[in-house]
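The numbering of the sequence shown is numbering that gives the first Met the number 0, which starts it at 0 and goes up by one. Here a beta-carbon is modelled for each residue, glycine too, at the ideal position from N, C-alpha and C.
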Amino acid sequence: MREKTACFTGHRKIPKKDMRKVRRNTLNVIIKAYENGYRYFGSGGAIGFDLLAADCVLHLKKKYPDIRLILVLPCHGQTKYWSDKEIRKYNKIKKKADKVVFTSEQYYNGCMQKRNRHLADNSSLCICYLTKNAGGTAYTVNYAERHGLETVNVSSASFIDKTD
């Protein structure tokens with residue numbers, strides 16, 4: 000199943016001016032991955048790119064009913080300090096996910112990294128939104144590359160728009 004699984008990692012903040020491009024590029028990368036045999040897409044469920052990518056997978060289910068969204072969450076209560084709007088979006092996506100996995104029962108220092116390693120360890124493709132080479136996203140992309148995953152960065156990619 001690993002060879003048919005892609006994971007997402009990305010920054011929590013996406014500049015408003017880039018949001019449409021990032022969403023379009025993410026949709027196009029998912030479509031290309033689907034055309035290459037990928038059916039399972041894992042998202043960490045964090046604010047920002049994780050939820051954007053998860054929403055893209057759910058959007059594509061209309062056209063590709065066998066595509067699957069797997070939420071790999073770091074712990075119960077991940078939304079503790081989120082806004083009501085962010086929690087509503089998260090719960091809507093969580094409800095529609097095909098599978099929800101928790102890598103830890105409760106929060107501890109390091110549970111986010113455990114979740115990120117789980118995503119990479121069970122995938123052969125890493126779809127990322129990476130604009131700076133520091134922080135959790137950079138760590139996860141480097142981890143994925145060291146473990147042989149192909150990576151595609153939607154922040155710098157330009158694709159033929161297949162989403163119209």
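Between T102 and A119, the C-beta gap is not smaller than 8 Å, which leaves the two residues out of contact.
Within the same chain, Cβ atoms closer than 6 Å to the Cβ of L72 are found at G44, F101, the five residues on either side in sequence being excluded.
Around the beta carbon of G36, fewer than 16 other beta carbons lie within 10 angstroms, which makes this residue exposed.
Here N121 carries a coil assignment [DSSP, helix/strand/coil].
At the C-beta level, S123 and T4 come within 8 Å of one another.
Within the DSSP secondary-structure output, K98 pairs in a beta bridge with I69.
Partner residues in the beta bridge of C6, as assigned by DSSP, are G41, C125. Exclusion of the five residues before and after K131 leaves H10, A137 as the residues of its chain whose Cβ lies within less than 8 Å of its Cβ.
R38 is not a Cβ neighbour of I13, given a cutoff of 8 Å. G134 sits exposed, since fewer than 16 C-beta atoms from the chains shown fall within 10 Å of its C-beta. Distance check between L59 and each of E144, K95, K88 places K95 closest, using alpha-carbon atoms only. Using a 10 angstroms sphere on the CB of V56, the tally of other CB atoms reaches 16 or more, which defines it as buried.
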